[in-house]
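Residues in the sequence shown are numbered consecutively from 14, following our numbering. Don't be surprised by glycine CBs; every beta carbon is placed ideally from N, CA and C. In this text the structure is predicted, and so the values were computed from the model without any measurement.
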Amino acid sequence: MTFKDAIVGGFRGAFTFQGRARRPEYWWFFLFVFAGAFVVSLLELLMLGRGSGMLVALFQIAIFLPFLAVGWRRLQDTGRPGWFLLVPSAIVVVSTLVSGSLTRTMMAGGMGGMMDGGVPMEPGGMIGVGASATTLVALGIAQLLAGLVIVWWMSRPTQRGPNAYGPEPRVR
Numbered sequence: 014m015t016f017k018d019a020i021v022g023g024f025r026g027a028f029t030f031q032g033r034a035r036r037p038e039y040w041w042f043f044l045f046v047f048a049g050a051f052v053v054s055l056l057e058l059l060m061l062g063r064g065s066g067m068l069v070a071l072f073q074i075a076i077f078l079p080f081l082a083v084g085w086r087r088l089q090d091t092g093r094p095g096w097f098l099l100v101p102s103a104i105v106v107v108s109t110l111v112s113g114s115l116t117r118t119m120m121a122g123g124m125g126g127m128m129d130g131g132v133p134m135e136p137g138g139m140i141g142v143g144a145s146a147t148t149l150v151a152l153g154i155a156q157l158l159a160g161l162v163i164v165w166w167m168s169r170p171t172q173r174g175p176n177a178y179g180p181e182p183r184v185r
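Quick look at the structure:
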């Protein structure tokens with residue numbers, strides 16, 4: 014499979030979460046997404062003189078569903094359920110919710126209270142920040158580990174023969 018075939022196949026299968034995708038299809042599409050975000054951010058920097066990230070965010074929103082679908086099919090090609098790909102995303106959502114509450118608490122009580130181990134500086138100030146910071150670190154580690162596991166699974170060979178997700182894709 015060529016780079017162009019992978020990109021065309023990724024967009025054709027943007028709404029297809031059934032079936033299987035071989036390693037080249039996934040990794041070529043991954044390269045397209047990575048390079049595309051880099052080029053868009055570079056263009057934004059050259060056009061605006063600063064990088065706000067707005068164009069990259071729009072690019073990522075536009076490419077999200079096709080990238081999710083090809084990753085979903087890739088996991089199924091290795092014999093794993095595609096929804097496993099959502100685990101790191103769920104960790105990101107939980108981390109964002111926790112870090113948002115941690116940020117609000119820090120803003121209310123100041124950094125000094127946090128450095129003192131979360132001792133309240135005033136009523137409603139820093140209570141519970143130590144636990145929130147610990148939780149945030151734990152979620153960050155969980156996110157890193159989940160991401161590494163997903164990369165490991167994506168790099169595994171195709172499961173030979175038919176599996177629960179369909180027949181083995183043809184080699185072109």
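Alpha carbon to alpha carbon, how far is Ile104 from Ala159? Give it in angstroms, no decimals. Here residue 159 corresponds to residue number 146 of the sequence shown, with the count starting at 1. Here residue 104 corresponds to residue number 91 of the sequence shown, with the count starting at 1. If I take the Cα positions, the gap works out to 9 angstroms.
Helix, strand or coil for Gly179, going by three-state DSSP, please let me know. Stepping through the sequence shown from its first residue, residue 179 is reached at position 166. DSSP places Gly179 in strand when its eight states are reduced to three.
For the stretch 75 to 84 and the stretch 30 to 46, state whether three or more C-beta atom pairs, one from each stretch, are separated by less than 8 angstroms. Taking 8 angstroms as the limit for Cβ pairs, the verdict is that the stretch 30 to 46 does touch the stretch 75 to 84.
Helix or strand or just coil, what does DSSP make of Arg33? As a first step, residue 33 must be located in the sequence shown, where it is residue number 20. Arg33: coil per DSSP, three-state reduction.
Go through the stretch 58 to 109 residue by residue and report every complete run of the alpha helix (DSSP H) that reaches 4 residues or more, in order. Qualifying alpha helix (DSSP H) stretches, in chain order: 67 to 90.
Between Phe97, Ala70, Ser65 and Val107, which has its C-alpha nearest Val164's C-alpha? For the purposes of this step, residue 164 is taken as residue 151 along the sequence shown, with counting starting at 1. If we check each option's Cα against that of Val164, Phe97 comes out closest.
Pull up the CB-CB distance for Gln172 and Thr91, whole angstroms please, since I reckon it's below 8 angstroms. In the sequence shown, residue 172 corresponds to position 159, counting from 1. In the sequence shown, residue 91 corresponds to position 78, counting from 1. Beta-carbon to beta-carbon, Gln172 and Thr91 are separated by about 6 angstroms, close enough to satisfy the 8 angstroms threshold.
Is the beta carbon of Glu38 closer than 7 angstroms to that of Gly49? Counting from 1 along the sequence shown, the entry for residue 49 is found at position 36. Counting from 1 along the sequence shown, the entry for residue 38 is found at position 25. Glu38 is positioned such that its CB atom lies no closer than 7 angstroms to that of Gly49.
Determine the direct distance from the alpha carbon of Asp18 to that of Phe42, and round the result to whole angstroms. Within the sequence shown, residue 42 is the residue found at index 29, counting from 1. Within the sequence shown, residue 18 is the residue found at index 5, counting from 1. If you take the alpha carbons of Phe42 and Asp18, they lie about 9 angstroms apart.
Going by the CB atoms, is the gap between Leu149 and Val106 shorter than 7 angstroms? Locating residue 106 in the sequence shown gives position 93, counting from the first residue. Locating residue 149 in the sequence shown gives position 136, counting from the first residue. Leu149 is positioned such that its CB atom lies no closer than 7 angstroms to that of Val106.
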